[in-house]
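In my numbering, the protein residues as written are 1117 to 1268.
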Amino acid sequence: MPPSSLTSQIVSFVQEVVSAMGAQLTVSVEDGPDGARINLEGEDGGVLVRRGGEGLQALQHIVATTFRKQLGDDNRIVIDCNGFRKDKDAELRTMAQFMAEKARTSGVSQEMGPLNPYERRIVHLAIAETDDATSESIGDAFMKTVIISSKK
1117 MPPSSLTSQI
1127 VSFVQEVVSA
1137 MGAQLTVSVE
1147 DGPDGARINL
1157 EGEDGGVLVR
1167 RGGEGLQALQ
1177 HIVATTFRKQ
1187 LGDDNRIVID
1197 CNGFRKDKDA
1207 ELRTMAQFMA
1217 EKARTSGVSQ
1227 EMGPLNPYER
1237 RIVHLAIAET
1247 DDATSESIGD
1257 AFMKTVIISS
1267 KK
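In structure tokens form, the structure reads like this:
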């Protein structure tokens, strides 16, 4: 989890970006097992979550790029808006578990993707919680496919 002073800087930055977009959103911070989660809430959140959350993903990328050096490899910041990412994360975990079960019962590896790095991490963590399935990313671009296989 990033130090509180860095989290405060990131919150201020996010507030400035959101205001520059003309959106009025309330910003709060939640500490979680994977790091800090910056939650944006309000009626203007639609601008970030429409079209599959492209605006939210762009904001996440801007924050990660801007604060890359300060965050380092050990600290993660997740930007969410009106619970969009939490819901999507839960959906990805459920789908990964379903695909693992399908791989186990059929014996055939299953594919999920293309997924961005954040989505792949959610899938890999969900598969890591199971005892009889493995996952690996394939591809050489930003968006990669995750292969879920049954452990022999």
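By construction, the Cβ of each residue, glycine as well, lies at the ideal position given by its N, Cα and C atoms. If you're wondering where the values come from, they're calculated on a predicted model, not measured in any experiment.
query, result
"Are the beta-carbon atoms belonging to Ser1222 and Val1239 less than 9 Å from one another?", "no"
"Measuring straight from C-alpha to C-alpha, what distance separates Leu1141 and Leu1156?", "6 Å"
"Identify every residue that forms a DSSP beta bridge with Glu1252.", "Ile1263"
"Quick check on Arg1166: buried or exposed, where buried means 16 or more other Cβ atoms within 10 Å of its Cβ?", "exposed"
"Compare the Cα-Cα distances from Ile1154 to each of Ser1124, Gly1138 and Gly1169 and report the closest residue.", "Ser1124"
"Does DSSP put Glu1235 in a helix, in a strand, or in coil?", "helix"
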